[in-house]
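Number of protein chains: 4
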Amino acid sequence: MSGNTFGKIFSVTTFGESHGIAIGGIIDGCPPGLALTEADLQIDLDRRKPGTSRYTTARREDDEVQILSGVFDGVTTGTSIGLLIKNKDQRSQDYSKIADRFRPGHADYTYQQKYGTRDYRGGGRSSARETAVRVAAGGVAKKYLKQEFGIEVLGYLSQLGPIKAETIDHSVTNTNPFFCPDPDKLAALDEYMRDLKKSGDSIGAKVSVQITNMPVGLGEPVFDRLDADLAHAMMGINAVKGVEVGDGFSVIEQKGSEHRDTLTPEGFASNHSGGVLGGISTGQDVIVHMALKPTSSITVPGETITTEGKTTDVITKGRHDPCVGIRAVPIAEAMAALVIMDHLLRHRAQNANVQSSTPVIPGAI
Amino acid sequence: MSGNTFGKIFSVTTFGESHGIAIGGIIDGCPPGLALTEADLQIDLDRRKPGTSRYTTARREDDEVQILSGVFDGVTTGTSIGLLIKNKDQRSQDYSKIADRFRPGHADYTYQQKYGTRDYRGGGRSSARETAVRVAAGGVAKKYLKQEFGIEVLGYLSQLGPIKAETIDHSVTNTNPFFCPDPDKLAALDEYMRDLKKSGDSIGAKVSVQITNMPVGLGEPVFDRLDADLAHAMMGINAVKGVEVGDGFSVIEQKGSEHRDTLTPEGFASNHSGGVLGGISTGQDVIVHMALKPTSSITVPGETITTEGKTTDVITKGRHDPCVGIRAVPIAEAMAALVIMDHLLRHRAQNANVQSSTPVIPGAI
Amino acid sequence: MSGNTFGKIFSVTTFGESHGIAIGGIIDGCPPGLALTEADLQIDLDRRKPGTSRYTTARREDDEVQILSGVFDGVTTGTSIGLLIKNKDQRSQDYSKIADRFRPGHADYTYQQKYGTRDYRGGGRSSARETAVRVAAGGVAKKYLKQEFGIEVLGYLSQLGPIKAETIDHSVTNTNPFFCPDPDKLAALDEYMRDLKKSGDSIGAKVSVQITNMPVGLGEPVFDRLDADLAHAMMGINAVKGVEVGDGFSVIEQKGSEHRDTLTPEGFASNHSGGVLGGISTGQDVIVHMALKPTSSITVPGETITTEGKTTDVITKGRHDPCVGIRAVPIAEAMAALVIMDHLLRHRAQNANVQSSTPVIPGAI
Amino acid sequence: MSGNTFGKIFSVTTFGESHGIAIGGIIDGCPPGLALTEADLQIDLDRRKPGTSRYTTARREDDEVQILSGVFDGVTTGTSIGLLIKNKDQRSQDYSKIADRFRPGHADYTYQQKYGTRDYRGGGRSSARETAVRVAAGGVAKKYLKQEFGIEVLGYLSQLGPIKAETIDHSVTNTNPFFCPDPDKLAALDEYMRDLKKSGDSIGAKVSVQITNMPVGLGEPVFDRLDADLAHAMMGINAVKGVEVGDGFSVIEQKGSEHRDTLTPEGFASNHSGGVLGGISTGQDVIVHMALKPTSSITVPGETITTEGKTTDVITKGRHDPCVGIRAVPIAEAMAALVIMDHLLRHRAQNANVQSSTPVIPGAI
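Chains as they are written, first to last, in our numbering: chain G, 51 to 415; chain S, 51 to 415; chain A, 51 to 415; chain X, 51 to 415.
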């Protein structure tokens with residue numbers, strides 16, 4: 051209820067502050083019988099982890115996840131899965147100067163006003179560190195979706211500042227530190243980021259997720275549409291300011307005759323909808339895009355106010371990402387996987403015995 | 051769980067198909083003591099109602115809402131509020147040809163695959179008619195927010211096809227059939243829509259909502275952020291394909307030094323964030339934008355498949371909006387009001403006795 | 051959240067006051083493809099209906115349920131089902147004297163204190179009239195459970211004041227106005243109730259529910275155990291003050307060697323557990339008992355206070371049941387059916403692909 | 051959804067198996083500003099802890115709780131509170147013989163059938179060890195209720211086998227290993243338990259909870275009544291088979307003139323209702339009783355079947371409580387506190403601005 055749980059049937063509840071003892075979470079509703087080890091989850095945690103390249107923060111976080119329950123003899127038992135990631139590299143001294151002031155662009159001010167108190171160390175609960183737990187939980191969903199249904203959740207960086215990926219080659223994405231699927235843009239990204247780091251500033255980004263091998267029929271009418279829940283999931287990622295499904299904002303200037311995807315005996319002729327009609331998956335690839343703001347933790351000096359309301363300066367000296375969008379790629383994948391997983395189980399609850407589940411269009415399931 | 055409920059503390063659950071006996075809903079969690087009559091809700095229902103101008107569908111729906119419970123002696127009692135809107139103008143014959151085929155761009159195909167059956171009359175549950183109940187429920191929230199906190203939820207059409215509102219004058223919005231806040235664009239809109247109707251095609255639109263007099267501190271960290279819940283609400287409106295908060299997709303090319311809103315002793319110096327930091331309201335106006343696709347019900351002929359998978363033609367002869375975005379303005383307001391209302395009660399549950407609720411920045415609450 | 055919704059996947063949300071325009075509800079999560087008509091639900095509504103015998107209230111309520119949505123061409127479509135029961139026989143004058151005082155044993159005082167206002171006509175929302183909607187919703191669950199799994203939910207009056215049913219013959223239950231399964235007790239019940247009516251007093255009762263053909267494995271560990279959810283459901287019925295599963299309170303004096311049900315290759319040798327172990331169904335019959343207090347609406351004069359806190363008298367002149375426990379039988383069945391239905395869908399969501407679902411013990415599923 | 055979360059606004063989600071690495075949980079929705087240390091929670095954990103007397107199991111579990119998040123500078127911050135209790139004394143060898151058979155009276159059979167697999171070590175998730183987390187979470191609720199509202203949650207053993215507490219002296223309860231509030235029954239309990247241990251058998255018990263200084267108005271009408279949620283909470287405790295509120299099962303033979311509690315200008319004249327009318331607290335003490343079955347882990351030999359369905363013997367050699375009811379006292383208190391806490395926040399969400407919150411009856415709040 052206080053917002054630390056995501057999902058209704060397959061759910062994850064998280065806890066933890068950036069500089070506390072540990073972060074962690076509980077997955078509830080995982081089907082039994084899924085082979086699962088910590089190594090399965092570590093893959094994506096390592097992709098999200100800071101300090102893996104010179105383009106992301108130099109902070110070292112080991113992000114080693116421990117599975118505390120819900121797995122026995124190598125398989126999930128159907129009971130709740132406890133996840134724990136200890137905080138190691140805390141260096142609280144880096145943040146001592148923020149106790150008495152509100153960093154602009156951060157949640158310092160809003161947490162203080164909401165609760166009358168806040169854990170100011172490293173942003174506390176509002177730190178992106180919390181997303182490590184989402185990545186671990188999303189890893190469980192990804193494994194189940196892939197293994198049981200062949201569904202794959204493929205994220206990538208589609209734009210960084212002015213540089214746009216023009217070809218989407220998923221085999222390229224994980225071979226470079228930018229999660230960029232376009233091999234021709236790597237040199238430009240490298241140069242852009244080097245200059246940006248020198249300037250002490252940060253930049254926004256666009257991240258996209260493509261979900262392949264989608265079943266038809268996932269998503270609930272009216273409020274909990276598949277696209278609405280994806281929007282909720284993505285806008286809930288730190289720094290995200292916009293979400294699109296399919297053609298997104300370009301539909302504003304489209305005509306109906308142009309936008310509607312024709313159905314043919316061979317399948318849909320196009321995918322303007324992004325794989326969702328009436329909130330329910332069409333069986334086509336689901337396509338989601340999101341816009342991430344530039345981090346506000348920059349070494350460019352700025353002004354703000356103290357907790358007493360007086361003007362003061364703000365200089366961030368900590369180690370921060372010049373583009374938080376980059377590391378958001380595995381987070382976006384995890385959140386998308388959690389949404390699909392939850393809707394798969396929700397669909398199954400209500401519709402197990404529907405006879406005509408074979409799609410009319412061959413190959414669409 | 052099957053998606054027909056919105057909100058956690060102040061919630062609305064809806065039912066009803068386009069051509070059934072009635073549509074309706076239940077509001078749960080409404081504070082007691084609020085003066086409420088059907089006339090309060092009818093205002094927005096009439097704004098949403100089809101047939102009010104030549105630019106929207108000529109279908110006549112009286113959309114008269116009845117309050118069946120939860121109000122006694124003119125005030126809410128705290129118990130659940132039953133809402134009923136009877137369906138009158140059903141003309142099922144208009145839709146008889148769609149029983150055997152899937153209209154492209156509609157939910158016919160996905161409902162059929164999900165459930166193995168569907169109410170094909172007028173789109174059934176997937177019809178935008180269902181949003182009338184949301185508008186009625188949103189009216190209760192709007193009244194409470196305005197009366198108790200002075201909060202106003204102001205929607206408007208910010209773009210229709212290529213025509214953009216350049217000045218936002220809320221006093222203009224409700225004086226024209228487009229909900230356009232820019233008086234200088236009315237003639238252009240009129241001409242554009244006349245041409246569009248002649249062509250038999252439809253067009254997309256952008257709708258925006260500005261929420262004024264926001265309290266500081268609404269929104270729950272991590273998953274149920276205020277902006278994430280707004281994204282869920284807006285993407286759950288029929289035809290919406292994209293949602294932005296504050297600067298939205300333009301943050302992709304922004305620098306951190308440019309985006310972060312400086313705090314001064316007089317308040318925030320700018321509002322790039324759209325009134326939300328870390329998922330919690332800053333006390334500034336909340337700004338949300340959404341993109342609505344052009345309706346797929348057009349008289350331009352198209353192709354599709356029958357429920358048996360054979361190619362067939364599709365011509366929509368019913369009475370439809372050439373731009374569904376226009377009538378979405380009161381729906382977007384209603385959904386935004388439901389989100390704010392729910393978060394207000396959620397905040398109050400946990401934080402009633404916090405001492406330091408006076409904001410540091412004067413005038414910010 | 052404000053308590054008007056029951057169930058998580060198969061849920062019912064209700065509204066309505068005793069003397070308002072109508073009562074009703076929304077069922078969400080019903081599987082598609084279930085043949086359903088109003089007549090299916092009317093059977094149990096008629097069993098619950100007042101005025102059917104001289105032992106229950108003489109008030110006439112027609113309790114005619116209307117299905118407003120979610121059913122098309124005679125089968126459920128998977129979308130939300132709207133239910134409406136109009137209030138007819140309101141006779142508000144019977145209750146005019148209760149506006150200024152709190153009837154002892156009723157919810158007048160607590161509603162007034164909770165909400166600062168109340169609909170005092172006939173108890174408003176706290177009236178047992180609201181349970182008619184539960185009975186209708188339970189009817190949908192009962193039909194599905196019976197048809198798809200053979201599960202039957204069989205309620206009966208097990209005790210009324212000092213008179214206990216000693217033989218449980220389900221074929222007798224619905225042949226008499228007491229829902230008593232013991233044919234040898236009908237004469238005694240008849241005499242007892244005649245004397246009670248003369249005295250103007252009321253009496254408590256015990257109602258039991260036996261659920262047959264239960265699948266193994268329903269119920270979720272830890273909090274949402276099958277028995278815990280049954281307790282929630284039953285204690286939520288007006289006038290219920292106690293709930294037992296299986297041996298109930300007699301376990302206090304049992305030894306472990308006596309209580310534990312031995313498993314044999316032919317099945318369990320006994321059913322002290324009431325069909326639930328560790329919160330999960332064993333495949334045996336589920337047995338639940340509940341105690342209902344005597345109604346407080348009696349013609350025996352009493353004392354109470356006015357809404358101003360002054361002493362006053364209270365005489366109930368309305369038409370009331372001398373034993374509310376009798377009509378609670380179909381309500382208890384309905385609530386039990388809602389619990390089983392919800393747990394069936396919850397189980398299916400998580401466990402669809404478990405291989406070893408065949409029980410080790412033959413005949414146990 | 052899969053049952054590992056309790057509460058809607060103030061909620062606790064738990065994980066962990068008896069013989070896994072650790073058990074733990076997450077509290078969400080805790081008001082900020084509450085002074086909280088691990089020592090606050092340890093008090094009740096130590097009361098629940100095995101090995102504290104010769105009448106409970108000799109297993110040593112240190113049950114040391116660690117607060118991993120949500121507390122900063124000694125006070126709660128309003129964010130989620132992570133709790134961890136490491137498992138220490140595991141001695142898996144004690145349980146090796148149960149892998150291949152289903153212990154009667156335990157959840158071995160039902161877990162296996164539900165999930166197709168189970169963690170058989172010490173009962174896994176079905177072990178009462180999981181309740182340690184509930185006790186820790188309940189401790190947070192107890193502290194808040196006591197400090198902010200003076201509410202106290204007082205549990206005690208009201209009956210053990212044939213021995214009933216006749217006087218309820220709360221100052222006696224925590225001075226003896228039985229949590230018995232009647233000083234005159236201690237010798238009899240001591241003797242009874244000594245004989246029982248010798249016989250190798252176990253015995254049932256009745257545990258009661260009295261909640262003092264209750265505010266008026268807690269509880270939601272219809273389904274989530276205060277008493278219904280208490281029934282859910284209590285029946286969800288391992289081994290509980292029956293729950294009563296107020297007069298409980300004795301209402302069956304009561305007359306209405308006898309049961310209804312008269313309101314006088316000085317307050318209620320009696321408390322047959324157990325402090326709840328219409329599901330809402332009256333301001334009187336809330337009284338709940340529950341029946342706990344005798345543990346099935348006894349050294350008296352028994353029969354059962356193997357996982358292959360063959361007859362086999364069962365002898366429990368582990369260290370077990372001869373009366374699990376005794377240690378259930380702090381668990382029952384914790385669950386009651388969680389219910390009251392949740393309803394307090396739920397009430398506050400909806401009713402913050404009700405004017406007439408002063409009760410008519412002096413001293414009733």
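Don't be surprised by glycine CBs; every beta carbon is placed ideally from N, CA and C.
It should be emphasised that the depicted structure is a prediction, and the values quoted were computed from it without experimental measurement.
**Request:** Starting from the Cα of A:Arg97, find the closest Cα among A:Pro227, A:Ile253, A:Ile135, A:Val266 and give me that residue.
**Result:** Of A:Pro227, A:Ile253, A:Ile135, A:Val266, the smallest CA-CA separation from A:Arg97 is found for A:Pro227.
Run the CB neighbour count on X:Asp392, radius 10 Å, all protein chains shown included, and call it buried at 16 or more, exposed below. Burial call: buried.
| message | Below 8 Å on the Cβ atoms is my contact criterion, and I expect S:Thr366 with S:Thr354 to pass it. Report the Cβ-Cβ distance as a whole number of Å. | response | Not a contact, Cβ separation roughly 11 Å.
Review point. So, using beta-carbon positions, are X:Gly188 and X:Leu388 closer together than 8 Å?
Key: Cβ atoms of X:Gly188 and X:Leu388: closer than 8 Å.
| request: Run through the region 213 to 261 of chain S for me and flag every whole alpha helix (DSSP H) of 4 or more residues, listed as ranges in chain order. | output: The DSSP assignment places 220 to 223, 236 to 249 as complete runs of the alpha helix (DSSP H) inside the region 213 to 261 of chain S, in order along the chain (cut-off: 4 residues).
Along the chain, where does the alpha helix (DSSP H) that runs through X:Phe65 open and close? DSSP places X:Phe65 in no alpha helix (DSSP H) but in the uninterrupted beta strand (DSSP E) bounded by 61 to 65.
**OP:** Starting from the Cα of S:Pro82, find the closest Cα among S:Thr126, S:Gly75, S:Ser323 and give me that residue.
**Re:** Nearest option by C-alpha distance: S:Thr126.
Q.
Between the alpha carbons of A:Pro315 and X:Lys360, how many angstroms are there, rounded?
A. Separation of A:Pro315 and X:Lys360 (C-alpha to C-alpha, rounded to the nearest whole angstrom) is 6 Å.
message: Just to check my reading of the structure: X:Ala281 and A:Ala281 have Cβ atoms closer than 8 Å, yes? What is that Cβ distance to the nearest angstrom?
response: Going by Cβ atoms, the distance from X:Ala281 to A:Ala281 rounds to 4 Å, so yes, they are a contact pair.
- Message: My parser needs the beta strand (DSSP E) runs of 3 or more residues fully inside the region 182 to 215 of chain X; what are they?
- Response: If only uninterrupted beta strand (DSSP E) runs of at least 3 residues are considered, those enclosed by the region 182 to 215 of chain X are 202 to 210.
- Query: Nearest-angstrom Cα distance between X:Arg179 and G:Ala157?
  - Reply: Approximately 39 Å, taken between the alpha carbons.
- Task: Using a Cβ-Cβ cut-off of less than 8 Å, give me the residues of the region 390 to 401 of chain X that come near chain S, in sequence order.
- Result: So the close ones are Leu395, Arg396, Arg398, Ala399, Gln400, Asn401.
Return the first residue and the last residue of the beta strand (DSSP E) that X:Thr345 is part of. Counted as a single uninterrupted DSSP element, the stretch harbouring X:Thr345 is not any beta strand (DSSP E), since DSSP gives it neither H nor E.
| field | Segment limits, beta strand (DSSP E) that includes A:Lys291 | value | In the DSSP assignment, A:Lys291 falls within the beta strand (DSSP E) that extends over 290 to 295.
| Does the beta carbon of A:Gln197 sit closer than 8 Å to a beta carbon anywhere in chain S? | Cβ-Cβ to chain S under 8 Å: no for A:Gln197.
Would the beta-carbon of G:Arg54 fall within 8 Å of that of X:Asp78? According to the sequence provided, residue 54 of chain G is Asn. The question's Arg does not apply to it. Yes. Within cutoff.
**Study point:** Interface partners of G:Ser64 on chain X, CB under 8 Å
**Key:** It should be noted that the sequence gives Thr, not Ser, for residue 64 of chain G. Ordered by position in chain X, the residues that pass the 8 Å Cβ test against G:Thr64 are Ile76, Ser130.
*Of the residues G:Gly155, G:Ala149, G:Glu114, the one placed nearest G:Asn137, counting alpha carbons only*: A check of alpha carbon separations from G:Asn137 across G:Gly155, G:Ala149, G:Glu114 identifies G:Glu114 as the nearest.
- prompt: What residues match up with A:Ser331 in a beta bridge as DSSP calls it?
  reply: Looking at the DSSP assignment, A:Ser331 forms a beta bridge with A:Val326.
Is it buried or exposed, G:Ser177, if we count other Cβ atoms within 10 angstroms and call 16 or more buried?
With 16 or more Cβ atoms within 10 Å of its Cβ, G:Ser177 is classed as buried.
| said: So for X:Gln116, helix, strand or coil by DSSP? | reply: Assigned with DSSP and collapsed to three states, X:Gln116 falls in strand.
### Message
Taking the straight line between their C-alpha atoms, what separation do you get for X:Ala289 and X:Ala382?
### Response
The C-alpha of X:Ala289 lies about 12 Å from the C-alpha of X:Ala382.
Cα separation between S:Gly375 and S:Val293? Between S:Gly375 and S:Val293, the C-alpha separation is close to 14 Å.
Subject >> Residue-level contact to chain A via CB, X:Val301, 8 Å cutoff >> reply: For X:Val301, the answer is yes, since a Cβ of chain A falls inside 8 Å of its Cβ.
Terminal residues of the beta strand (DSSP E) in which S:Glu353 lies = Unbroken beta strand (DSSP E) run through S:Glu353: 352 to 355.
Extent of the continuous alpha helix (DSSP H) run through A:Lys164 | Looking at the DSSP string, the run of the alpha helix (DSSP H) that includes A:Lys164 is 158 to 165.
Verify the CB distance criterion: does X:Ser68 have a CB-CB separation below 8 Å to chain G? X:Ser68 is outside the set of residues whose beta carbon lies under 8 Å from a beta carbon in chain G.
Practice problem: On the DSSP bridge assignment, give the partners of A:Val364 in chain order. | Solution: A:Val364 is bridged by DSSP to A:Gly352.
Could you check whether the Cβ of X:Ile59 sits closer than 8 Å to any Cβ belonging to chain S?
So, interface residue.
- Pull up the distance between the alpha-carbon of S:Pro351 and that of S:Asp150, whole angstroms please. Looking at the two C-alpha atoms, the distance is approximately 17 Å.
Could you name the residues of the region 154 to 170 of chain S whose beta carbon sits closer than 9 Å to any beta carbon of chain A, in the order they occur along the chain? Those residues of the region 154 to 170 of chain S that come within reach of chain A (Cβ to Cβ, closer than 9 Å) are Tyr161, Lys164, Tyr165, Gly166, Thr167, Arg168, Asp169, Tyr170.
- Task: Indicate whether at least one CB of chain S lies closer than 8 Å to the CB of X:Gly269.
- Result: Taking Cβ atoms only, chain S never reaches closer than 8 Å to X:Gly269, which makes this a no.
Would you check if the region 294 to 304 of chain S and the region 333 to 340 of chain S touch, i.e. whether three or more CB-CB distances between them fall below 8 Å?
Yes, since at least three Cβ pairs between the region 333 to 340 of chain S and the region 294 to 304 of chain S fall closer than 8 Å, the two stretches touch.
- Where does X:Asn263 land, buried or exposed, given buried means 16+ other C-beta within 10 angstroms? With fewer than 16 other CB atoms across the displayed protein chains lying within 10 angstroms of its CB, X:Asn263 is exposed.
How many Å lie between G:Glu270 and A:Asp240 at the Cα?
Rounded to whole angstroms, G:Glu270 to A:Asp240 spans 52 Å at the Cα level.
Interface residues of chain S around G:Ile71 at Cβ under 9 Å?
-> Those do not exist, as G:Ile71 stays about 18 Å from chain S at its closest Cβ, beyond 9 Å.
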